[in-house]
Every structure is written in structure tokens, then in C-alpha cells.
Amino acid sequence: MIRFIHTADLHLDSPFKGMTEMPADRLAELRESTFAAYENVIQYAETSLPDFILIAGDIYDGEDRSLRAQMRFVKGLERLKQAGIPVFISHGNHDHLAGKWTRFELPDNVTVFGPFVETVELKIREHLVRIHGFSYPERHVRKPMIEHYPIIQREQGTLDIGMLHGSLMGEETHAVYAPFTKEALVGKGYHYWALGHIHKRQTILSEPPVVYPGNIQGRHRNEQGVKGIYEVELEETHAAFKFVPTSVLVFDEIEVDCSKLTHANEWLAVCLELVSDRIEQIGACILSVHNVNISEEAVQMFASSTSREWLEILRESAEKDVWFAELTFENTSESVQLPDSPLVRSVKEQMVHWELNEWKHVLKDVYQHARSAPYLSPINQGMKEDLIEEAGKLISNELSK
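Heads up, the sequence shown is in this note's numbering, so the first residue is 44 and it goes up one at a time.
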């Protein structure tokens, strides 16, 4: 049996756009969170002493990686060297080989795969381990690189692992890079596939194991839940997984049942009780709050203030370990309309008085586009009203971030 850590999508030094309203100390903590999560990975490895670590792409958040991010990453690798732990890196679309950065010399316990699929061998006790992988030579790798991985015949005492930063064909939650099919992975004969690129933790297949560990720290409200790494125990006929949490801030959501609420203090008490329970379960978090089953009395209550004001009183009343990113109001199939803020009202009032030539100027890029223009109706009053409402919603959403 061998034991290794499978991680991917570190996205060190992520800028966390859209969170600028957080207090300075909380925003600093958020922007440090990818580094803190990486520190948790290193500390866990120093304690558990795996046979090796696989990093399946996107170490950094962008191709123009910061000097600070590179330095912090290399310091972690040096600690792994001191612990006697080899590290294998397969660069992905965010940290591809053509990116601009000051290249720190990596310690000699680190192997970085090149732009073509290659195989690295190492001996671990009675096992010969062969690791197959490649690094993105540039940001966009659209072709199915899986065809370049060698097919193996399983041999007694030999374990084959594939590293691949890419997408399952048909999966479009992320940009599609280096696409593959389950059948193609199985056809290579490997004992384990260490995937990267998709930020949601998931097992695509159990035999052989085809695994996305997800990213190590959520970065926005679409990356919800506790994030972490997998510690894998692998034998020729069996694999066991242990999920190890690494995230220091968790993006999550709560639903507030408003069917029996009529007063603001009742609503606030329910919210804070749910928040307290969630903090106890997952620790420090950034929450989206969805108000559902809104009674007629609650509709009248919420209509007395803007969504911005409701969000502000929630933020002012909250515990230190939580920040509220979003507030929505839904009554079964339709959204509850709250009054507009002064800014939104001002913008909408200006748009109402636009002349036709002003609308044409604003929409000219859409109407002059060769592909979209044939499918668009002439500008009419109904379209204007819809666009004004949508503009108001967009501004309200941005203000609530």
C-alpha cells in the first residue's frame, strides 16, 4: 500500500473581487485565506508524512503570478523537502508554463511535468509507482490530451497514477480544457486518476478512482462548503479516501422561513440563531441569506425598507465570525419587490426620459453585432421597461456585495 495527498486548484493570492464592502480587517483575512489554506495543507503533510503529494494544476490564480505568491509557495515546498516528502506538479490553465513570473528555483524534492505527457517513476517500499502527466504549455489547451497518455498493462507490484487538469466532456460549469471521457480514462488501465480544474469535490468513477479534490479555499458564493484535500491509500485492488478540510473561511447559505414572521426583530432573531448554528458546524463563514415562504405580513414588513438596509442591519448584528454577502427575498415562484435605493431610483428615472437615439447609442454594440442583430426586435416601450428594471436589479445586486 502507498499513501499520498491529492490536491489541486490552490489559486494562491486570489483577489476576491466583489467583496470590497467588508471591513478592512475582514477583507485582509479573506485575501490571506488561500495562503492560510495552503499552510494547512503543508502542516497536515508535515504531521501525516505521506509518501508523496500530487498538485494537479492552478497553483496560482493567474498567469501573471505575484512574487509574494511564488515565495509563499516555494517556502512550503522547502518545508516538505525537510520532511522528506516528494511533490509532483502538473500546471493547469491558470498557472501554465508560458505565464509571466520570476521563476524561483524549486527544491529538489519537486518534479514539474513538462508540456508533453511524460512518466516519472519512484520506488516506494515494495511498489514501483509510475506517475503520468503534463503541464499546460499555454492557457488554452482545447484538445483532448488524454489520447497522449500511455496505455499500461497492469503488473504485480506496480501502481500507475494519472494527473490531468481538465474537464469531463459535456461538463460546462468551468471553461472546457483538455476534455476527456470516462471511457478514455478507464481505457488507460491506471489505478488512480488525480484530476484538477473543477472546484467542486467529487468522485467521477470509483473503479478506477477518478477524483476531483476541489479547491482548497472557496473564493466566492458559487464555491460553497468546506474545501480541502484528499489523503489516499492505494493498493493494486483497492483505494481508500480521507477528506482533510483546509479552508479557513467557508462560503455557504442559509434559508430563513418567513411564513410566521411579522416584525423585524423576529426576523433578525431567527437569522442570528441560524447563523450561530452554522458557525458551530463550519466555523468562520461568508453567508448568503435567502428569505423564503414569505407571508403577506412579512411582505409588508420587508417592503418598509430597501434590501440594502435589511442587509446592513444584519451585518451590524452579526457575530465576528460571519459576513453576509447576499440577501434575497423569494415567495414561492416569484421574488418579493422591495423599494429601490435612492441611487437605483435616480438611475431608473434618468433612463425613463431617454430619447430613442440615446437608447440606440447604449445598445449599438448589441444591435450592430453580426450574430445577435438578426434575432433582436426593434426597440419598443416594453423592451425599454424591461431594461430599466434589469438595470435596477444589477445595481442593487452590486450594492449588496
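Note that beta-carbon positions come from the ideal geometry of N, C-alpha and C, so glycine has one too. Quick caveat, the model's predicted, so the values are computed rather than measured.
Bridge partners for G176 per DSSP, in chain order? Taking the sequence shown and counting its residues from 1, one reaches residue 176 at position 133. Bridge partners of G176: E161.
Could you give the residue range of the alpha helix (DSSP H) that holds D300? As a position in the sequence shown, residue 300 is number 257, starting the count at 1. Per DSSP, D300 belongs to no alpha helix (DSSP H); it is in the beta strand (DSSP E), 293-300.
By Cβ distance, which residues of its chain are closer than 6 Å to H175, with the 5 residues on each side in sequence left out? As a first step, residue 175 must be located in the sequence shown, where it is residue number 132. So the qualifying residues of the chain are T162, Y192, G205.
Pair within 8 Å by beta-carbon distance, G142 and D107: Translated into the one-based positions of the sequence shown, residue 142 becomes position 99. Translated into the one-based positions of the sequence shown, residue 107 becomes position 64. Yes, the pair counts as a contact, with Cβ atoms nearer than the cut-off.
Does DSSP put L406 in a helix, in a strand, or in coil? As a position in the sequence shown, residue 406 is number 363, starting the count at 1. Three-state result, L406: coil.
Contact test: K303 Cβ vs the ligand ZN heavy atom, cutoff 7 Å: Questions concerning the ligand ZN fall outside what the structure shown contains, since it holds no ligand whatsoever.
If we count Cβ pairs, one from each stretch, closer than 8 Å, do we get three or more for the region 182-190 versus the region 219-227? yes
Can you tell which of P251, V275, F294, D68 has the C-alpha that lies nearest to the C-alpha of E266? Here residue 266 refers to the residue found at position 223 when the sequence shown is read from its first residue. Comparing Cα-Cα distances from E266 to each of P251, V275, F294, D68, the minimum goes to F294.
Can you tell me whether D203 is buried or exposed? The criterion is at least 16 other CB atoms within 10 Å of its CB, across all chains shown. Walking along the sequence shown from the start, residue 203 turns up at place 160. By the 10 Å Cβ count, D203 comes out buried.
From E352 to I96, what does the alpha carbon distance come to, in whole angstroms? For the purposes of this step, residue 352 is identified with residue 309 of the sequence shown, where counting begins at 1. For the purposes of this step, residue 96 is identified with residue 53 of the sequence shown, where counting begins at 1. C-alpha of E352 to C-alpha of I96: approximately 48 Å in a straight line.
By a C-beta neighbour count over all protein chains shown, 10 Å radius and 16 as the cutoff for buried, is S376 buried or exposed? What you label residue 376 is simply residue 333 of the sequence shown in a count that begins at 1. Unreliable positioning characterises S376 in this predicted model, as indicated by a pLDDT of 47, which lies under 50. The coordinate reading is nonetheless provided below. With fewer than 16 Cβ atoms within 10 Å of its Cβ, S376 is classed as exposed.
Relative to the C-alpha of N423, which residue among L437, E190, L406 is closest? Translated into positions along the sequence shown, residue 423 becomes position 380. Measuring from the Cα of N423, the nearest candidate turns out to be L406.
Among N308, C328, V390, which has the Cα closest to the Cα of S360? Along the sequence shown, read from residue 1 onward, the residue named residue 360 stands at position 317. When each option's Cα is compared against that of S360, the closest is N308.
DSSP three-state call for T90: helix, strand or coil? Indexing the sequence shown from 1 puts residue 90 at position 47. Three-state result, T90: helix.
Selected residue, minimal CA-CA separation from A227, among M188, M65, R146, G127: Translated into the one-based positions of the sequence shown, residue 227 becomes position 184. In terms of CA proximity to A227, M188 leads the group M188, M65, R146, G127.
Excluding the 5 residues flanking F284 on each side, which residues of the same chain have their C-beta closer than 7 Å to its C-beta? Mapped onto the sequence shown, residue 284 falls at position 241. Hits under 7 Å: Y273, V275.
Between the Cα of R264 and those of H139, P256, F59, spot the shortest distance and give me the residue it belongs to. Translated into the one-based positions of the sequence shown, residue 264 becomes position 221. Closest by alpha carbon: F59.
Burial state of D138 (16 or more Cβ within 10 Å): Your numbering for residue 138 matches position 95 in the sequence shown. With 16 or more other Cβ atoms within 10 Å, it is buried.
Beta strand (DSSP E) runs contained entirely in the region 199-277, provided each spans 3 or more residues: 201-208, 235-239, 245-249, 252-255, 271-277
T246 beta carbon less than 8 Å from that of K270: As a working mapping, residue 270 is identified with position 227 in the sequence shown. As a working mapping, residue 246 is identified with position 203 in the sequence shown. The Cβ-Cβ distance between K270 and T246 does not fall below 8 Å.
If we call anything under 8 Å between Cβ atoms a contact, is I322 one with E362? Locating residue 322 in the sequence shown gives position 279, counting from the first residue. Locating residue 362 in the sequence shown gives position 319, counting from the first residue. In this structure, the beta-carbon distance from I322 to E362 falls below 8 Å.
Own chain partners of K124 with C-beta closer than 6 Å, once the 5 adjacent residues on each side are dropped: Against the sequence shown, residue 124 aligns to sequence position 81. Counting only Cβ-Cβ distances below 6 Å, and skipping sequence neighbours, we find P150, N152.
Between the region 83-99 and the region 297-304, do at least 3 Cβ pairs fall closer than 8 Å? no
Continuous beta strand (DSSP E) assignments of at least 3 residues falling wholly in the region 63-115: 95-98
From V155, A112, E148, residue whose alpha carbon lies closest to that of F131: The count along the sequence shown starts at 1 and reaches residue 131 at position 88. Among V155, A112, E148, the Cα nearest to that of F131 is on V155.
Under 7 Å Cβ to Cβ from G200, same chain only, skipping five residues before and after it: list those, please. The residue you call residue 200 lines up with position 157 of the sequence shown. Excluding residues within five positions, the ones whose Cβ falls inside 7 Å are E169, H170, L171.
Expected contact under 8 Å - CB spacing of I102 and L53 to nearest Å: For this step, residue 102 is matched to residue 59 along the sequence shown. For this step, residue 53 is matched to residue 10 along the sequence shown. Yes, I102 and L53 are in contact; Cβ-Cβ is about 5 Å, under 8 Å.
Distance, R146 Cα to R115 Cα: Here residue 115 refers to the residue found at position 72 of the sequence shown. Here residue 146 refers to the residue found at position 103 of the sequence shown. Cα to Cα, the separation comes out at about 13 Å.
DSSP state of W353 mapped onto helix, strand, coil: Indexing the sequence shown from 1 puts residue 353 at position 310. It is helical.
Closer than 6 Å by C-beta to N136: which residues in its own chain qualify, once you throw out the five before and the five after it? Chain order, please. Looking up residue 136 in the sequence shown gives position 93. Only Y179, R182, Y220 meet the Cβ criterion.
Where does L315 fall in DSSP's three states? Position 272 of the sequence shown holds residue 315. Helix.
Separation of P256 from L73, as counted between CA atoms: Numbered from 1 along the sequence shown, position 30 holds the residue referred to as residue 73. Numbered from 1 along the sequence shown, position 213 holds the residue referred to as residue 256. Looking at the two C-alpha atoms, the distance is approximately 21 Å.
For G209, does the count of other Cβ atoms within 10 angstroms reach 16, so buried, or fall short, so exposed? Locating residue 209 in the sequence shown gives position 166, where the first residue counts as 1. Classification of G209: buried, given that the 10 Å Cβ count is 16 or more.
With the cut-off set at 8 Å, would you say V332 and L357 are in Cβ contact? Counting from 1 along the sequence shown, the entry for residue 332 is found at position 289. Counting from 1 along the sequence shown, the entry for residue 357 is found at position 314. Result yes, Cβ atoms of V332 and L357 sit closer than 8 Å.
Please report the straight-line C-alpha distance between V313 and A112, rounded to a whole angstrom. As a first step, residue 313 is located in the sequence shown; it is residue number 270 there, counting from the start. As a first step, residue 112 is located in the sequence shown; it is residue number 69 there, counting from the start. So the alpha carbons of these two residues sit roughly 41 Å apart.
Do F372 and L330 have their C-beta atoms closer together than 8 Å? Residue numbering aside, residue 372 sits at position 329 when the sequence shown is read from its first letter. Residue numbering aside, residue 330 sits at position 287 when the sequence shown is read from its first letter. Not closer than 8 Å, so no.
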